[in-house]
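To start, the structure itself, in structure tokens.
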Amino acid sequence: MGPRLFLALFSSCLLPQGLLAADQAAYGKYLVEEVSKCQDCHTPRLENGQLDKDKWLKGAVLDFQPIHPVPGWHKTSPDITSSGRLFERWGAAGLKKFLTTGLNPRGHAADPPMPAYKLKPADAEAIVEYLKSLK
780 MGPRLFLALF
790 SSCLLPQGLL
800 AADQAAYGKY
810 LVEEVSKCQD
820 CHTPRLENGQ
830 LDKDKWLKGA
840 VLDFQPIHPV
850 PGWHKTSPDI
860 TSSGRLFERW
870 GAAGLKKFLT
880 TGLNPRGHAA
890 DPPMPAYKLK
900 PADAEAIVEY
910 LKSLK
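Numbering-wise, the sequence shown is residues 780 to 914 according to the numbering used here.
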């Protein structure tokens, strides 16, 4: 089962309304790290191929590329922590919009290879709370 299908099927059962920010951040961490696997693209790797835990979600050079040219393809992924430029430019509201609509704050879709997520607002809020906890 792919991460998006899993998220679509089970997310509404996992996050009761009104969770504390710490609980939201823990749920967001689960969504980021276990369901969506954001670290696979947004965390650089060490020479041995392991993810660099000291640069968790700080952006990375992607180690894959399309077989055929894809317009707009990015060879790097941005830092998605709260201290990164993306968070600084978009803010929490922009990130929530992106995660719920698949569109950035200017109304454009994500550049490949980033998929366009359309999460439930509670899931997007949880992810943003987790990203806010990362510096």
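The C-beta atom is built at its ideal place from N, Cα and C for all residues, glycine as well.
Ranked by Cα distance from D890, the options L874, P850, S862 are led by P850. With respect to the 7 Å criterion, Q818 and L830 are classified as neighbours on the basis of their beta carbons.
Each of A839, F877, H847 was checked against the Cα of R824, and the nearest Cα belongs to A839. Note on K837: 16 or more other CB atoms within 10 angstroms of its CB, so buried under the neighbour-count rule.
It is roughly 30 Å from the alpha-carbon of I846 to the alpha-carbon of K832.
Per the coordinates, the alpha-carbon of G870 lies some 14 Å from the alpha-carbon of A905. By the neighbour-count criterion, in which a residue is buried when 16 or more other Cβ atoms sit within 10 angstroms of its Cβ, A804 is buried. Note on geometry: alpha-carbon atoms of G807 and M893 lie some 18 Å from one another. Contact check for L913 against T855 fails: the beta carbons are separated by 7 Å or more.
Taking C-beta separations shorter than 6 Å and ignoring five residues to either side along the sequence, the partners of D858 in its chain run K837, G838, following chain order.
Exclusion of the five residues before and after K876 leaves L882, P884 as the residues of its chain whose Cβ lies within less than 7 Å of its Cβ.
The Cβ atoms of A901 and T879 lie no closer than 7 Å to each other.
When E826, A895, C820, A888 are compared, the shortest CA-CA separation from Q844 is found for C820.
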